Structure formats: C-alpha cells, structure tokens
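Undergrad: Quick one: structure below, then a few questions.
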Amino acid sequence: MFKININPIIISYKKLRKTLFSNLFNTIISLLIIVLISVTCVNTFEWLIFKADWKVVISNLPLYAFGSFPPNEQWRPATWIISLLSLSIFTLYGPKWRWLRKNLLILWIGTIPLGLFLLYGGVGLSPIMSRYWGGLTLTILLTVCSSFLSLPFGIILALCRQSSLPLIQRLSSIYIDAMRAIPLIAVLFFGQLLIPLFLPVGIEIDRVWRAIFAFTLFVSAYIAEDIRGGLQSIPNTQIEAANSLGLNQYQIIQFVLIPQALRIALPALTNQSIGLFQNTSLMAILGLVELLGVGRSILANPEFIGQYIEVYVWLACVYWMVCTIMAVLARHLEQRMTINQTNF
Amino acid sequence: MKINQKIFLQLGISFIFFGLIGILINNLTINLIRTGLGFNFSWLFKPASFALAEYPLPYTSSDSYAWALFIGWLNSLKVVISSLILATLLGTLIGFARTGKNSLLRLISAGYITIIRQTPLLLQLMFWYFVGFLGLKDNMFIQIKNIFNISNQGIEFSGLTFSSEFLALLLGLSIFTSAYIAEVIRGGILSVSQGQWEAFRSLGLAERKGLIRIILPQALPAIIPGLTSQYLNLAKNSTLAIAVGYSDIYAINDTIINQTGRAIECFIILLVSFLLLNLLITNTMEIINKLILKSRKYS
Amino acid sequence: MDPIVVAKNLTKSYTKGLRALDNVSLTVDQGKVLVVMGPSGSGKSTLIRTFNGLETFDKGELNILGIKVDSTHDERKIQKIRRRVGMVFQQFNLFPHLSILENITLAPVHVQKRRQIEAEKYGMYLLNQMGIDSHAKKYPSQLSGGEQQRVAIARALALKPELLLFDEPTSALDPERINEVLDAMRNLAEQGMTMVVVTHEIGFAKDVSDQVLFMDSGKVIETSPPNIFFSNARHERSRKFLNQLDTY
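Chains as they are written, first to last, in our numbering: chain Z, 1 to 344; chain X, 1 to 299; chain P, 1 to 248.
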C-alpha cells in the first residue's frame, strides 16, 4: 500500500551530491552560495514587503505608462499597448490556423500605423502633440518605429557593401564602420542638436521623430553587418542554381538571397531590437520623457525625493519583463522558421 | 553589366550623394551664419572657465578648452581601462561558473547574466550612483584606521581617493560588461571539443588545472575577437558617464556646447577622440592576439 | 535540323598555365544523349558549365540552340540560353527557404512571366511525373537526397527546356537512392529530351547514351558510341579509366 518509489529520490540525491558536494572546495562554495541566497532572499522579501514604500510606484502608474498624455485621452495609448500585448499572446498561444498565421506579420506591421494614429489623433480623435507623449508608450513607440525603419536601411546597406561597384561598396563600408565606432549617445545627440542645423530654415522635425531618425541611422549599421553575415553564409551554389534558371540579378537578390540572409540573421536581428529597446532609455538624458525619464522626473518631485531604490527596482522589473517578452517572441519565431520552414 | 553601364551608374549615384551632402552643408552654413557662430576652432585656446571635479593632470578653470578636453579624454581612458580589467576578471569568473560542474553556481551565474543583460545600462549606472554611493551616510560608513574609507564622497584607500562618480561608473560598466564577457568566455569554452575534456580527465588532471592548462589556451582564439568587441562596446558605453556626473570626454563636450554653442565643432572633436580610443583598444588587442599566437608554436 | 550544341575548340586556362579545357570540340544533335566521362579534375564539369554560361572560356566558340557565344561572354545571349536550357547539379541546390512547389514555380513565374496558377498546375504535373507530388508542400530539408534530386529535375523541366545538363546528378546520393534518379532520367531520354550528362554510372551510359565522350586533363580523348566505348575503347587512357571504375 505504502510503497513509495524511492529510486528517483536516491538518484537525485546522488546527482546533487555529485554536482554540489564532490570535493571540499565545491562543498564550501555550495554552502556559501546557499547561505548567500537565503540571506539575500530574506532581506529582499523583508525590504519588498515591509521597508519599501511603494506609493511612489502605485500612485504614479499612469505616469509610467503614458507620461503626461492628457488623462481623459489615456485610453488611446492604453488600447495600443493592450493590442500589442494581446497580439504577442496570440502569436505564442493562439490557434494554429494557416491563413491566420500567414497574415500575422501584416497584423504586426499594422500596429505601427495604429499606434501613430492613436497617439497623434486626427480623424475623429483630438490631436495631441508629441511633447505630451511619454512613459512606456513612448519607449515602445521609439523601439517599434526605429526597428521597423532600420530593417530596410540595413538590408540596402548590406547589399551595397557586397556590391561589385567599388564606389558604392566603399561609401557603405565607410558609413557602417564609422557608425559602429561611435557611441550611441553621440548619434542621438546629433539627432537632437545637429539635425536642425542641417535643415533648411523654417523646416522643423519634432523631437520624437528626430530621435527615431537617429536610432535608425545607428541601428541600421549594426543590422547591415548582421545581414552581411547572413549573405556571406549562403553558398555560392544557390546563386548558380538561380542563374541556371534564368533569374536576373535583382530577382536573385529578391527571391533567393534576401529571404535566406534574413532567416540566418534572425537571432542577431532580434537581439538588435532588444538592445534597441534598452537603449531608448538614453533619451532620458537627451530630453525625452520615456520610461526612465518618467522615473527621473518622479524622483525630482519633492514628495518622492530619495526613493531611488523603489523607482529603480520597479523600472528594472518593467524593462526586464518587456525584454523577456521580446526574447520569448523571438525564440518562437526562430523555431517556426527553422523547424518547419513555414512562412511565419 | 557592361563596364560603361557600371561607370554611368556610379557617376549617377555619386552625383545624387554628393549633391545631397552639398545641400546639407549649404543649409548648415546658412544656419551657422544666422546664429552668428561660423565654423572655426580658435575658441579651443580660450580659457574654459569651468571647474572639473576630477583631473588626472593639473587643471584650473583658467586653462584652455583644449586642455579641458584632453583631461576629459584622460578621464575616459582611466575609467575605460580600469573597468576593462575589472570586467574581464569578473566576466571570466562568471563564465567559468556558468560552464562549471556545480549546478548552484551555474544557476546563480545564469540569473546574474539575464538580470544584467535585460535591463538598460543607464538604469544600472543610476542605481549604483544614487543608491550605491550617494545612499551612503555622510559620516564614515566603513573606516579602518584611516587606511580604507568609504563614504558618499567615494573611497579613500591609503592616500588614493576615488570619487563616487568614478566608482559608480566603474562598478556599473564592469558589472554590465562582465555579463557579456561571461557569455564570450562560455562560447569559447564550449568551442573546445568535448574530447579534450575527456583526454585531460583520463590523464588524471584535476578539473581546475585542466580548465586553465588545457581548455582555456585552446579557447583563446575564439575568445579574443569577442573580447575585443566587448571592450569597444565598453568604451562606447563609458559615454554614459554624463548620467552620473563623471567628467569624461562626452560630458566635457556637452558642457562646452552648452557654454559656447559650438555643437558642430564639438561633435567633430568627439568623433576624433573616439577614433583614437578605438584605435588604442584594437591595436592593443591585436598585439595581445599576436603574442598569444606566437606563444603557441603549433599554430 | 541544326544540332543543339556545337562547341568549337573551347579552351580555358587557369592562372598557372593549367588547362581546364583544351581545344574541346563536340556536337550534340536533337534528341540525343551525350554522356561525358573522365577522372575527377578532367574538366568535364567545367565543360558542361560553359554550356549555360556558369563558366567562361578564353578561346573557341559555342553554339547553343542557334545562339552563338564566344569568349566575350555576352550577358544578354547567356540569359537567352539559360531560359531554354535546364541544369541539374550534384548537390541539388534547391532553395531551402521555399517549398517544393515554390522551388519549381519560381522561374516560370518570374522569368517566363507565366501565371501562378498555370505554373503550379504544370509544376504538379511534373512532380507527378517524378513520383513525388505528395511532397509538394514540404521543404527541401524534409526530403531524402533522391527525392531532392528529382525535385531539382522537375525544377529544371518547369521552364520547358530544349536541352538538359546534368552535372554528376547521382554522385551525392546514397547508393540505394541512385536508381530512382537514373530512372527519371531514362524516362526523359525516352521522351526525346536532348541531354548532356556528366556521370560515372556505366549502366546508365550503356543503356541510354548515344555517344560517350571521354575527357582527361581538359582534352577530349575519344568520342564513341557506348557499345564500342565500353567493350573496345579505342584509346589506352580510356581503357585504364574503365578498369579503375570496374574495381569499385
């Protein structure tokens, strides 16, 4: 009746012994870690529950999410973020209908105009200036628009760098190498302070679009290198096969090279967009009130002065969450591409 | 494509490209004339008239802008080199832990890597600065007979003082970069074939000795390029110093722009100083790489 | 009727003075099958790759389907040739990111500007001919080597070529998979397709070919009908080569 299968317990005990307590050195380290983990856990929980004052987070939630977007219009960015979230969940766990899966990419691209429409307003919605945009909404907007724009630029740059025309090849090499040598903050600085100097008198681009433009300049150089790596790893026989079928140069690029290079570069590309998401925080020091900028402005408020830990821990959690969601989506996409090679 | 077709295409493209640049430069000159600034570097030799919190070489506010910029460059170099060393040590340890046998260590190091890599560096820097150092009490927090002294002013260690700005940047950059270096080290170790592990184990070599004597030397060729690119990233990331108020080359350029409005000139100076920093790092790594290859006769 | 392939004194040398092709001349008539044999490095692959412009040559003249090509390698003429000549490679060279049917319809739709539905219909017909129509929706990596090579043949046939080139089509296959590909090629020959085949398969050469061309170090050593070549080769080097093949 009470026959408990004790074997797995013994095996796991043995395994544990082997990996954790195999010799004196290992045993000491393991014990130290266990002590360290427990102390940290106890302290963290104590702080999280008793010591920390979460009012600085809870009472400012709309600020973190939407910045200073007018309160009675905040449903608009909220709708956008919720639609992004539900699309992510749908992509991961939704039904596997073929026609729907095929159009998923279009849905994802469609979120960009949707977001811009909801934020800007017009046609039935009251227009709202970009200086009221902020918080997580702005962070996501910067990420999505810049990644979407840098992809085609990156592809073109990569192709130019592989071109047989020496002038084009040199120009794009110089651009890519120079962009990769300078720090992002310098490029963003260029975007905010120097772009206006290069524009004709009377023409102005608003700050958000200048930031997106600068991010695009920067990220496309990195994307170009990733795609070039993909292009180089396509065997020459693929081009021969396409040649022997009578496809011309542009058709070979369009139907044979680009799709394969994108697939090969996919992991690197998703890392770029995760990196981009984190790097949008740099705009906090260049005057946009995105997620980190909201944190800074809240900490400057006398009511919450000195509550650095709470705000930073909270922001770290938000960034970590979104990054994790992006990483999971990326892995899902990679698996779909490599295992059954279906189109998304 | 025919040869003359190629030449024609290139001519056309260069026409468009340089035309565009011409228009942009034309706009720039118009704008600079409008603001009354023009474009020249003679202001570099006027007194900077701002104070710096940190200077490895003597500096007063009556020194020239050029000297201030040079001090800034040295400050950048100082923080880059010291965090480079610290990050390499930390990253190597974590990389070993990540590939080692102890599953607890593996777990901890994996957790460390995800937390560090999935949060923005800027946030981490602010955390270390505002929470880690400024959060300390004014009075001596830890004091051991005037030799070692930590306060919100920084660390004093047998006569040497390190400001809390420098330390926060050092800590933040090192920890951030170490997570990436750990992955580079792990990749390098995994690139050595499993047979090599079995070989040294069958010879009765201890695990740590085998790792250092057998595995690591073979992993180095795979590790060095990854390290170089991480070092370059570190140098680029050091420009976030401005967020914690450390006067590196970018922060000083920023101050000068605010003071003089010479954005274009400062931007060019920034690019050149970065070029120098990059060249310094890549060349040093090249030399190290060559030394390693030389020391291994079989290659 | 004009011959499909006429090569006159084709010569191609590499930098070190080595000759990949040395004064090669040959003719292939409509509906005939020419098998090219020779030791590895003899230039046989180079030879058939010049027929659709994948390789250039330094001297000589080539006339494929009435289109004359010389050493200037005129892109436009070569493009014209490629639309009428199909090629099958040793390593299949299917496009891994496209499904089987997409592999086949790519060229008809984009090169010949045929309608998608029409191209798919014809593609399915070809796959049916090759006995692999059930795999149409799969991707190349999901198929065996023999199946992939049959897809490659169908892909080449989709352009309704007047000449088919085979570059060692069975060399990369497992031994038990070779016959399914050879059978498909046999069928094509019976239907009257003009083919140039580089292969080591003696059985196929004996049964199907009209002429066997033997090459060594870029030179044509002899061209004979298969019954003569395999029983009583004229040249010493051919006999040596055949002996070596037999020992395998």
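Glycine included, each C-beta is placed from N, C-alpha and C at the ideal position. Keep in mind it's a predicted model, so treat the numbers as computed, not measured.
#1: Give me the Cα-Cα distance between P:Ser144 and P:Ser134, rounded to the nearest whole angstrom.
#2: What is the DSSP secondary structure of Z:Gly67, counted as helix, strand or coil?
#3: For the putative contact between Z:Ile33 and X:Ile108, defined by C-beta atoms under 8 angstroms, what is the C-beta separation to the nearest angstrom?
#4: Using 10 angstroms around the beta-carbon of Z:Glu310, count the other beta-carbons present and answer buried if the total reaches 16, otherwise exposed.
#5: Would you kindly work out how many angstroms separate the C-alpha atoms of P:Gly86 and P:Ile153, rounded to a whole number?
#6: Rounded to a whole number of angstroms, what is the C-alpha to C-alpha distance between P:Asn128 and Z:Leu92?
#7: Given a cut-off of 8 angstroms, decide if P:Tyr122 and P:Ala156 are closer than it, judged by their beta-carbon atoms.
#8: Compare the C-beta of X:Asn27 with all C-beta atoms of chain Z and state if any pair is closer than 8 angstroms.
#9: Z:Phe198 CB to nearest chain X CB: under 8 angstroms?
#10: Compute the distance between the beta-carbons of X:Val80 and X:Ser238, then report whether it is under 8 angstroms.
#11: Would you list the residues sitting across from Z:Glu290 in a DSSP beta bridge?
#12: Use the C-beta contact count for X:Ile16: other C-beta atoms within 10 angstroms, 16 or more gives buried, fewer gives exposed.
#13: What does Z:Leu315 touch in chain X if you count any residue whose Cβ is under 7 angstroms from its own?
#14: What are the boundary residues of the beta strand (DSSP E) that P:Glu13 is part of?
#15: Using a Cβ-Cβ distance cut-off of 8 angstroms, determine whether X:Met126 contacts chain Z.
#16: Checking contacts by CB at 8 angstroms: is X:Gly19 closer than that to chain Z?
#17: Between the segment 106-119 of chain P and chain Z, which residues of the former have CB atoms less than 7 angstroms from a CB of the latter, in chain order?
#18: Going along chain P in order, which residues have a C-beta closer than 8 angstroms to the C-beta of Z:Thr237?
#19: Judging by CA-CA distance, which residue of P:His200, P:Gly192, P:Leu188 is the nearest neighbour of P:Leu173?
#20: In chain order, what residues of the same chain lie with their CB nearer than 7 angstroms to the CB of Z:Arg331, ignoring the 5 residues before and after it?
#21: Rounded C-beta distance between Z:Leu151 and Z:Ile176? I'm assuming under 8 angstroms.
#22: Considering just the uninterrupted stretch of the beta strand (DSSP E) at P:Gln211, what are its terminal residues?
#23: For X:Ser295, I'd like the list of residues in its chain whose CB is within less than 7 angstroms of its CB, leaving aside the five on either flank, ordered along the chain.
#24: Comparing alpha-carbon positions, which option in X:Ala51, X:Lys78, X:Ser82 lies nearest X:Trp67?
#25: In this structure, how does DSSP classify Z:Val322 when only helix, strand and coil are distinguished?
#26: Can you tell me the Cα-Cα spacing of Z:Phe25 and X:Glu207, whole angstroms?
#27: Hey, could you find the ends of the alpha helix (DSSP H) X:Phe17 is sitting in?
#28: How long is the line joining the alpha carbons of P:Gln211 and Z:Thr237, rounded to whole angstroms?
#29: Specify the secondary structure class of X:Leu211 as computed by DSSP and reduced to three states.
#30: If I'm right that X:Gly261 touches X:Leu69 with Cβ under 8 angstroms, what's the distance once you round it to whole angstroms?
#31: Give a yes or no on contact between the segment 234-248 of chain P and the segment 63-72 of chain P, applying the rule of three or more CB pairs nearer than 8 angstroms.
#32: Between X:Lys78 and the rest of its own chain, which residues show a CB-CB distance below 7 angstroms, the 5 nearest in sequence each way excluded?
#33: Is X:Phe133 closer than 8 angstroms to X:Asn152 when the C-beta atoms are compared?
#34: Checking contacts by CB at 8 angstroms: is Z:Val123 closer than that to chain P?
#35: Quick one: does X:Asn278 have its CB under 8 angstroms from some CB of chain Z?
#36: Considering only residues of the same chain and omitting the five flanking positions on each side of X:Asn102, which have a CB-CB separation below 6 angstroms?
TA: By the coordinates alone:
#1: Start at 1 with the first residue of the third sequence, and residue 144 of chain P comes out as number 144. Start at 1 with the first residue of the third sequence, and residue 134 of chain P comes out as number 134. One C-alpha to the other measures close to 14 angstroms.
#2: As a working note, residue 67 of chain Z is residue 67 in the first sequence. DSSP places Z:Gly67 in coil when its eight states are reduced to three.
#3: As a working note, residue 33 of chain Z is residue 33 in the first sequence. As a working note, residue 108 of chain X is residue 108 in the second sequence. That belief holds up - the Cβ atoms of Z:Ile33 and X:Ile108 are roughly 6 angstroms apart, short of 8 angstroms.
#4: Within the first sequence, residue 310 of chain Z is the residue found at index 310, counting from 1. Counting the other CB atoms within 10 Å of its CB gives Z:Glu310 a total of 16 or more, which places it among the buried residues.
#5: The count along the third sequence starts at 1 and reaches residue 86 of chain P at position 86. The count along the third sequence starts at 1 and reaches residue 153 of chain P at position 153. Roughly 8 angstroms separates the two Cα atoms.
#6: As a working mapping, residue 128 of chain P is identified with position 128 in the third sequence. As a working mapping, residue 92 of chain Z is identified with position 92 in the first sequence. When rounded, the distance between both Cα atoms is 37 angstroms.
#7: Against the third sequence, residue 156 of chain P aligns to sequence position 156. Against the third sequence, residue 122 of chain P aligns to sequence position 122. Contact: no.
#8: Residue mapping note: residue 27 of chain X aligns to position 27 of the second sequence, counting from 1. So yes, X:Asn27 belongs to the interface.
#9: Position 198 of the first sequence, counted from the first residue, corresponds to residue 198 of chain Z. Yes, because at least one Cβ of chain X sits closer than 8 angstroms to the Cβ of Z:Phe198.
#10: For the purposes of this step, residue 80 of chain X is taken as residue 80 along the second sequence, with counting starting at 1. For the purposes of this step, residue 238 of chain X is taken as residue 238 along the second sequence, with counting starting at 1. Contact: yes.
#11: Sequence index remark: in the first sequence, residue 290 of chain Z carries index 290 (1-based). In DSSP, Z:Glu290 forms a bridge with Z:Gly135.
#12: Your numbering for residue 16 of chain X matches position 16 in the second sequence. Looking at its Cβ environment, which holds fewer than 16 other Cβ atoms inside 10 Å, X:Ile16 is exposed.
#13: In the first sequence, residue 315 of chain Z corresponds to position 315, counting from 1. The contacting residues are Leu123.
#14: For the purposes of this step, residue 13 of chain P is taken as residue 13 along the third sequence, with counting starting at 1. Note that residue 13 of chain P is Ser in the sequence shown, not Glu. From DSSP, the beta strand (DSSP E) with P:Ser13 extends over 5-13.
#15: One-based indexing of the second sequence puts residue 126 of chain X at position 126. By this cut-off, X:Met126 is an interface position.
#16: Position 19 of the second sequence holds residue 19 of chain X. No - not a single Cβ of chain Z is within 8 angstroms of the one on X:Gly19.
#17: Only Leu106, Ala107, His110, Val111 from the segment 106-119 of chain P bring a Cβ to less than 7 angstroms from some Cβ of chain Z.
#18: Locating residue 237 of chain Z in the first sequence gives position 237, where the first residue counts as 1. Those are Phe89, Gln91, Asn93, listed as they occur along chain P.
#19: Residue mapping note: residue 173 of chain P aligns to position 173 of the third sequence, counting from 1. For P:Leu173, the nearest C-alpha among the options comes from P:His200.
#20: Locating residue 331 of chain Z in the first sequence gives position 331, where the first residue counts as 1. Nothing meets the Cβ criterion.
#21: Indexing the first sequence from 1 puts residue 151 of chain Z at position 151. Indexing the first sequence from 1 puts residue 176 of chain Z at position 176. Actually they are not in contact, since the Cβ atoms of Z:Leu151 and Z:Ile176 sit about 15 angstroms apart, beyond 8 angstroms.
#22: Translated into positions along the third sequence, residue 211 of chain P becomes position 211. Element bounds for P:Gln211: 211-216.
#23: Numbered from its first residue, the second sequence carries residue 295 of chain X at position 295. Hits under 7 angstroms: none found.
#24: In the second sequence, counting from the first residue as 1, residue 67 of chain X sits at position 67. Nearest C-alpha to X:Trp67: X:Ala51.
#25: Counting from one through the first sequence, the residue named residue 322 of chain Z turns up at place 322. It is helical.
#26: Translated into the one-based positions of the first sequence, residue 25 of chain Z becomes position 25. Translated into the one-based positions of the second sequence, residue 207 of chain X becomes position 207. Computed Cα separation, rounded: 12 angstroms.
#27: Your numbering for residue 17 of chain X matches position 17 in the second sequence. Where X:Phe17 is concerned, the enclosing alpha helix (DSSP H) stretches over 3-35.
#28: Within the third sequence, residue 211 of chain P is the residue found at index 211, counting from 1. Within the first sequence, residue 237 of chain Z is the residue found at index 237, counting from 1. Rounded to the nearest angstrom, the gap between the Cα atoms of P:Gln211 and Z:Thr237 is 29 angstroms.
#29: In the second sequence, residue 211 of chain X corresponds to position 211, counting from 1. Helix at X:Leu211.
#30: In the second sequence, residue 261 of chain X corresponds to position 261, counting from 1. In the second sequence, residue 69 of chain X corresponds to position 69, counting from 1. Their Cβ separation, rounded to whole angstroms, is 16 angstroms, which puts X:Gly261 and X:Leu69 out of contact at 8 angstroms.
#31: The segment 234-248 of chain P vs the segment 63-72 of chain P: no contact.
#32: The residue you call residue 78 of chain X lines up with position 78 of the second sequence. In its chain, beyond the 5 residues on either side, Pro56 have a beta carbon closer than 7 angstroms to the beta carbon of X:Lys78.
#33: Here residue 152 of chain X corresponds to residue number 152 of the second sequence, with the count starting at 1. Here residue 133 of chain X corresponds to residue number 133 of the second sequence, with the count starting at 1. The answer is yes: Cβ separation under 8 angstroms.
#34: Sequence index remark: in the first sequence, residue 123 of chain Z carries index 123 (1-based). Closer than 8 angstroms: no.
#35: In the second sequence, counting from the first residue as 1, residue 278 of chain X sits at position 278. With its beta carbon less than 8 angstroms from one in chain Z, X:Asn278 belongs to the interface.
#36: For the purposes of this step, residue 102 of chain X is taken as residue 102 along the second sequence, with counting starting at 1. Excluding the 5 residues flanking it on each side, X:Asn102 has no same chain C-beta neighbour closer than 6 angstroms.
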